[in-house]
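Remarks on the structure that follows.
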Amino acid sequence: MGQVDKRSITLSPELAQAVDDVVAAGEYASASEVIRDALRQWKDRRDLLGYTVEELRKLVQEGIDSGPGRFASMDEIKAEARNDRLSNGPEGGEIVDGSVFLERLRAKYAAMSDSKK
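Residues 2 to 118 in our numbering are what the sequence shown lists, from first letter to last.
Structure below.
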């Protein structure tokens, strides 16, 4: 594993039990392995999105500055999602990774925003 930087962490009783359970089940050899794996997954997910906190703040501000959205309520959003699903049929949906979905969604709304200008 190479050089390590030893740290001490505090877990809630629920998380501590979850760690103990997966070690006892043989999924991991030690609690340290569980924590390292969880941190690797967290880092990978964070890296995959590719946005810094400052970039996310800028995107949020752009959204605010763009004015009201086309939906007035969550019910309208759900209704459109249901209609999309029904119009595409049961086999019409494509399963994609969350980051792919977010990038497509960002591109869709960027295009909509550009068309308003």
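Heads up, the beta-carbon is just placed ideally off N, CA and C, and yes, glycines get one too. These numbers were taken from a predicted model, which means no experiment stands behind them.
Exercise. Distance, Cα to Cα, glutamate 15 vs valine 24?
Worked result: As a working mapping, residue 15 is identified with position 14 in the sequence shown. As a working mapping, residue 24 is identified with position 23 in the sequence shown. So the two alpha carbons sit approximately 14 Å from each other.
Exercise. Can you tell me whether DSSP reads isoleucine 78 as helix, strand or coil?
Worked result: Indexing the sequence shown from 1 puts residue 78 at position 77. Helix at isoleucine 78.
Problem set entry | Reference serine 100; option with closest CA among Ile78, Arg47, Arg58, Phe72 | Residue numbering aside, residue 100 sits at position 99 when the sequence shown is read from its first letter. The shortest C-alpha separation from serine 100 is found at Arg47.
For this session: Could you have a look at arginine 46 and say whether DSSP puts it in helix, strand or coil?
Result: Here residue 46 refers to the residue found at position 45 when the sequence shown is read from its first residue. Of the three classes helix, strand and coil, the one that applies to arginine 46 here is helix, per DSSP.
For this session: Would you identify the three-state DSSP class for valine 5, choosing helix, strand or coil?
Result: Taking the sequence shown and counting its residues from 1, one reaches residue 5 at position 4. Looking at valine 5 - three-state DSSP - the assignment turns out to be coil, as it is neither helix nor strand.
Problem set entry | CA nearest to the CA of phenylalanine 102, picked from Glu63, Tyr29, Leu50 | Looking up residue 102 in the sequence shown gives position 101. Of Glu63, Tyr29, Leu50, the residue nearest in Cα terms is Leu50.
For this session: Counting only the same chain and skipping the five closest in sequence on each side, list residues whose C-beta sits under 7 Å from that of valine 35.
Result: Residue 35 sits at position 34 when you count from the first residue of the sequence shown. Answer for valine 35: Val20, Val23, Val24, Tyr29, listed in chain order.
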